[in-house]
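Beneath this line is the structure, given in structure tokens, with notes to follow.
There are 2 protein chains.
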Amino acid sequence: MSATLPAAVVPGADASASKDPAAPAFSPLYQQIKALITRGLQSGEWRPGEAIPSEAELALRFKVSQGTVRKAIDALADENLLVRRQGKGTFVATHAEEKTQFRFLRLTPDDEGSGRGMSRRFIDCRRQRASTDIARVLDLKAGDAVVQIRRLLLFRDRPVVLDDIWLPGHLFKGLTAERLSENRGPMYGLFETEFGVRMIRAEEKLRAVAADEATARWLDVPVGAPLLSVERLSMTYGDKPVELRRGLYDTSAHYYRNELS
Amino acid sequence: MSATLPAAVVPGADASASKDPAAPAFSPLYQQIKALITRGLQSGEWRPGEAIPSEAELALRFKVSQGTVRKAIDALADENLLVRRQGKGTFVATHAEEKTQFRFLRLTPDDEGSGRGMSRRFIDCRRQRASTDIARVLDLKAGDAVVQIRRLLLFRDRPVVLDDIWLPGHLFKGLTAERLSENRGPMYGLFETEFGVRMIRAEEKLRAVAADEATARWLDVPVGAPLLSVERLSMTYGDKPVELRRGLYDTSAHYYRNELS
DNA sequence: GAGTGGTCTAGACCACACT
DNA sequence: GTGTGGTCTAGACCACTCC
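So the protein lines, in turn, are chains A and B.
For the first sequence, this note's numbering gives the first residue as 21, with consecutive numbering after it.
For the second sequence, this note's numbering gives the first residue as 21, with consecutive numbering after it.
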């Protein structure tokens, strides 16, 4: 049997055109399978924490070999969309049941041995209209509804991070300070289970800034103290931005860690 | 034929013990092949920029199937130790011929459209004895020889980064300010071609700090201005630390970018 | 034991680069 | 055309989990 595009061909792009001059660019089978699985994740066919069908079953469904399904799943596991567990199955990744609270927080205390000790305190949660800045970044129209959250992270009861968070209002109807405070576990877990918004990926921009008066009060540092400013844009499926977060970190007893390779 | 450990078994760990209670932990074949290839890289059998033997040839040499070699190479390519080029071969990664000068520098100007414009200026390069701090981090004894380099990075002739770099003296004999200045291309390329030290991986610790007087002069900012402090520890094969770098970044017109996933 | 992912093999063909 | 990596297949067996 030839290896050219069985039943699984993804109906995209130039299905009509007979001979595009520019870019036919047909993708390998396993990438098409990957796209099909991603679609299943996005549509909610398999929900976070659940198992997806076995490799054999997916191979049957898509009419390809198990090896091809395997390569597609491998790629999705690399991107942290799926989690493989030998002997049990392949599961949709979730923020909801993670031991690692603060999975995306790259802040580490100077004295390593400490381990836990992070807590949080919600200061504010309100609905308002998006400024042009916020709207542009979140791919909204200026004036659209947004939810703004302000919160503090504390390490051993000392404030370390002041976060301002903006979310598209239409995706987070009914999000209140109460809902946030009641929630045990990661905030992204709440977003996932209560609002069906799953964070896949994020970009951060870091700078050093001086503490203004209000910030200095919240973080209990002198006005003008150097703070690490972390601006995070989080994306869901299809690289759609769904959260903007501006954090100010007091790095006098913590550092932001990063790996290069 | 059974799939259990052909001729390629890596002679490691518990080759002697008959039945360890704790951890026999034999690794899959492709990981053993990966280790063998890594050894070839480390020993200089294949040098940076050169091609390694074809998959078929390696499969013959190691007495495994091409698929197994492929998986080993895939892993090494993921770690940026090898670079695959379809139709040409698989090459040892190198810093020497990289278009991307400053591959590890995560600093981006606020006005994107700018593109190039980074230049550098070496201020100092001297041999001295390692302080206890530096020695500990670089895995040396206090008092061992180290090379210290100080340099400035400029963007459009404006100073942006002040770097202090420490290198183990025994690995970098004969490194002088002249050698550094004459060198076109990445500094890590020079380390690679002239001293046989290849940077594989690095860890960075970021904090916000206030500019002291000397730094303020070099970066042309007010004393006390907030600066991004970036402490980088670079590793070569076997995770051996071979460079410590402390950078101070003026982030008033640039930001440090990072990806989370 | 049944079901799952994990490893390994062998062989076919495709896409690309050089010559 | 020859040689390289890239994709796809089919089947075998191993390792782990749960019943």
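Positions of the beta carbon are idealized from the N, C-alpha and C atoms, including for glycine.
**Request:** Give the single residue among Ile143(B), Ala162(B) and Arg146(B) whose Cα lies nearest to the Cα of threonine 152(B).
**Result:** Counting from one through the second sequence, the residue named residue 152(B) turns up at place 132. Selection Ile143(B), Ala162(B) and Arg146(B) evaluated against threonine 152(B) yields Ala162(B) as nearest (Cα-Cα).
**Prompt:** chain A partners of serine 281(B), CB-CB under 8 Å?
**Reply:** Within the second sequence, numbered from 1, the residue matching residue 281(B) stands at position 261. Chain A residues near serine 281(B): Glu99, Asn100, Ile220, Arg221 and Ala222.
**Request:** Return the residue from the list Gly194(B), Arg265(B) and Gly107(B) that minimises the CA-CA distance to leucine 172(B).
**Result:** As a first step, residue 172(B) is located in the second sequence; it is residue number 152 there, counting from the start. Closest in C-alpha terms to leucine 172(B), from the list Gly194(B), Arg265(B) and Gly107(B), comes Arg265(B).
**Message:** Looking at chain B, is there any beta carbon in it that lies within less than 8 Å of the beta carbon of lysine 225(A)?
**Reply:** Your numbering for residue 225(A) matches position 205 in the first sequence. Interface annotation, lysine 225(A): in contact with chain B, CB-CB separation under 8 Å.
**Item:** Delimiting residues of the alpha helix (DSSP H) encompassing serine 249(B)
**Value:** Position 229 of the second sequence, counting from 1, holds the residue named residue 249(B). According to the DSSP assignment, serine 249(B) belongs to no alpha helix (DSSP H) but to the beta strand (DSSP E) extending over 246–256.
**Asked** Short check: CB of leucine 61(B) to CB of valine 112(B), under 8 Å?
**Response** Stepping through the second sequence from its first residue, residue 61(B) is reached at position 41. Stepping through the second sequence from its first residue, residue 112(B) is reached at position 92. Yes.
**Message:** Can you give me the C-alpha to C-alpha distance between alanine 234(B) and glutamine 168(B), rounded to a whole angstrom?
**Reply:** For the purposes of this step, residue 234(B) is identified with residue 214 of the second sequence, where counting begins at 1. For the purposes of this step, residue 168(B) is identified with residue 148 of the second sequence, where counting begins at 1. The C-alpha of glutamine 168(B) is placed about 17 Å away from the C-alpha of alanine 234(B).
**Request:** Please confirm whether leucine 248(A) and proline 179(A) have their CB atoms less than 8 Å apart.
**Result:** Taking the first residue of the first sequence as 1, we reach residue 248(A) at position 228. Taking the first residue of the first sequence as 1, we reach residue 179(A) at position 159. Not in contact: leucine 248(A) and proline 179(A) (Cβ atoms no closer than 8 Å).
**Message:** Let's see if you can read the secondary structure: which residues bound the alpha helix (DSSP H) around methionine 207(B)?
**Reply:** If you number the second sequence from 1, residue 207(B) lands on position 187. Where methionine 207(B) is concerned, the enclosing alpha helix (DSSP H) stretches over 207–215.
**Prompt:** Is the segment 221–228 of chain B touching the segment 271–281 of chain A in the sense that three or more CB pairs, one from each, lie closer than 8 Å?
**Reply:** The answer is yes - the segment 221–228 of chain B touches the segment 271–281 of chain A, with three or more Cβ pairs under 8 Å.
**Asked** Where does valine 243(A) land, buried or exposed, given buried means 16+ other C-beta within 10 angstroms?
**Response** In the first sequence, counting from the first residue as 1, residue 243(A) sits at position 223. Burial check for valine 243(A): the Cβ neighbour count within 10 Å stays below 16, so the residue is exposed.
**Prompt:** What does a CB cutoff of less than 8 Å around glycine 209(B) pick up in its chain, not counting 5 residues either side in sequence?
**Reply:** The residue labelled residue 209(B) in the question sits at position 189 within the second sequence. Closer than 8 Å at Cβ, skipping near neighbours: Thr114, His115, Ala116, Glu117, Glu118 and Asn203.
**Prompt:** How long is the line joining the alpha carbons of arginine 147(A) and alanine 245(B), rounded to whole angstroms?
**Reply:** By 1-based counting over the first sequence, the position of residue 147(A) is 127. By 1-based counting over the second sequence, the position of residue 245(B) is 225. If you draw a straight line from the Cα of arginine 147(A) to the Cα of alanine 245(B), it comes to about 35 Å.
**Asked** What residues of chain B sit near threonine 88(A), judged by a beta carbon separation below 9 Å?
**Response** Against the first sequence, residue 88(A) aligns to sequence position 68. Per Cβ cutoff of 9 Å: no residues; threonine 88(A) is ~14 Å from chain B at best.
**Asked** Tell me which same chain residues have a C-beta within less than 6 Å of the C-beta of aspartate 144(A), skipping the five on either side of it?
**Response** Numbered from its first residue, the first sequence carries residue 144(A) at position 124. Closer than 6 Å at Cβ, skipping near neighbours: Arg170.
**Message:** Since phenylalanine 124(A) and serine 201(A) should fall inside the 8 Å C-beta cutoff, what is the C-beta to C-beta distance between them, to a whole number of angstroms?
**Reply:** Position 104 of the first sequence, counted from the first residue, corresponds to residue 124(A). Position 181 of the first sequence, counted from the first residue, corresponds to residue 201(A). The beta-carbon separation of phenylalanine 124(A) and serine 201(A), rounded to 20 Å, does not stay under the 8 Å limit for a contact.
**Asked** So, helix, strand or coil for arginine 59(A), using DSSP?
**Response** The residue given as residue 59(A) occupies position 39 in the first sequence. For arginine 59(A), the secondary structure class from DSSP, reduced to helix, strand or coil, is helix.
**Request:** Rounded to whole angstroms, what's the CA-CA distance from threonine 196(A) to glutamate 214(A)? Just pull it up for me.
**Result:** Position 176 of the first sequence, counted from the start, is the residue given in the question as residue 196(A). Position 194 of the first sequence, counted from the start, is the residue given in the question as residue 214(A). Spanning the two alpha carbons is a distance of roughly 12 Å.
**Prompt:** Can a CB atom of chain A be found closer than 8 Å to the CB of asparagine 282(B)?
**Reply:** Coverage of chain B is limited to positions 21 through 281, which leaves residue 282(B) absent and any answer about it impossible.
**Request:** Classify proline 41(A) as buried or exposed, calling it buried when 16 or more other Cβ atoms lie within 10 Å of its own Cβ.
**Result:** For the purposes of this step, residue 41(A) is identified with residue 21 of the first sequence, where counting begins at 1. In this prediction, proline 41(A) has a pLDDT of 44, which is less than 50 and means its spatial position is unreliable; nothing more can be read from the coordinates.
**Request:** Output yes or no for whether 8 Å exceeds the beta carbon distance between threonine 110(A) and isoleucine 72(A).
**Result:** Here the question's residue 110(A) lines up with position 90 in the first sequence. Here the question's residue 72(A) lines up with position 52 in the first sequence. Isoleucine 72(A) is positioned such that its CB atom lies closer than 8 Å to that of threonine 110(A).
**Helix, strand or coil at tyrosine 276(B) [DSSP, three-state]** = Taking the first residue of the second sequence as 1, we reach residue 276(B) at position 256. The answer is strand: DSSP assigns tyrosine 276(B) an E or B state.
**CB of arginine 199(B) within 8 Å of CB of glycine 137(B), strictly** = Here the question's residue 199(B) lines up with position 179 in the second sequence. Here the question's residue 137(B) lines up with position 117 in the second sequence. With respect to the 8 Å criterion, arginine 199(B) and glycine 137(B) are not classified as neighbours on the basis of their beta carbons.
**Message:** Does chain A have any CB closer than 8 Å to the CB of tyrosine 275(B)?
**Reply:** Counting from 1 along the second sequence, the entry for residue 275(B) is found at position 255. For tyrosine 275(B), the answer is yes, since a Cβ of chain A falls inside 8 Å of its Cβ.
**Prompt:** Whose Cβ in chain B lies nearer than 7 Å to the Cβ of leucine 61(A)?
**Reply:** Against the first sequence, residue 61(A) aligns to sequence position 41. Going along chain B, no residue has its Cβ under 7 Å from leucine 61(A), so there is no contact; the nearest lies around 15 Å.
**Item:** Element boundaries [beta strand (DSSP E), containing aspartate 144(B)]
**Value:** Counting from one through the second sequence, the residue named residue 144(B) turns up at place 124. Run containing aspartate 144(B): 138–149, per the beta strand (DSSP E) assignment.
**Three-state class that DSSP yields for arginine 90(A) in the structure shown** = Taking the first residue of the first sequence as position 1, residue 90(A) is located at position 70. Three-state DSSP puts arginine 90(A) in a helix.
**Where arginine 199(A) sits in the DSSP three-state scheme** = For the purposes of this step, residue 199(A) is taken as residue 179 along the first sequence, with counting starting at 1. Three-state DSSP puts arginine 199(A) in a helix.
**Message:** Using DSSP's beta-bridge definition, name the partner residues of proline 129(B).
**Reply:** As a first step, residue 129(B) is located in the second sequence; it is residue number 109 there, counting from the start. Proline 129(B) pairs with His274(B).
**Request:** On the DSSP bridge assignment, give the partners of glycine 194(B) in chain order.
**Result:** Walking along the second sequence from the start, residue 194(B) turns up at place 174. Residue pairing for glycine 194(B): DSSP places it in no beta bridge.
**Request:** Report the neighbours of threonine 271(B) on chain A: residues whose CB is nearer than 9 Å to its CB, in chain order.
**Result:** Reading the second sequence from its first residue, position 251 is the one you call residue 271(B). Those are Leu226, Arg227, Ala228, Val229 and Ser249, listed as they occur along chain A.
**Message:** For a test of your reading of the model: does the CB of aspartate 259(A) fall under 7 Å from any non-hydrogen atom of the ligand ADP? Yes or no.
**Reply:** Looking for the ligand ADP in the displayed structure turns up nothing, as the structure carries no ligands at all.
**Any C-beta of chain B under 8 Å from that of arginine 265(A)** = Within the first sequence, the letter at position 245 stands for residue 265(A). Using a Cβ-Cβ cut-off of 8 Å, arginine 265(A) does not count as an interface residue toward chain B, since no Cβ of chain B sits closer than that to its own.
**Request:** For the beta strand (DSSP E) containing isoleucine 154(B), list its first residue and its last residue.
**Result:** Taking the first residue of the second sequence as position 1, residue 154(B) is located at position 134. For isoleucine 154(B), there is no enclosing beta strand (DSSP E); the enclosing alpha helix (DSSP H) has its first and last residue at 152–158.
**Request:** Can you have a look at arginine 156(A) and say buried or exposed, based on whether 16 or more other CB atoms are within 10 angstroms of its CB?
**Result:** One-based indexing of the first sequence puts residue 156(A) at position 136. Exposed, because fewer than 16 other Cβ atoms sit within 10 Å of the Cβ of arginine 156(A).
**Prompt:** What residues are listed by DSSP as bridge partners for tryptophan 186(A)?
**Reply:** Residue 186(A) sits at position 166 when you count from the first residue of the first sequence. Within the DSSP secondary-structure output, tryptophan 186(A) pairs in a beta bridge with Gln168(A) and Leu264(A).
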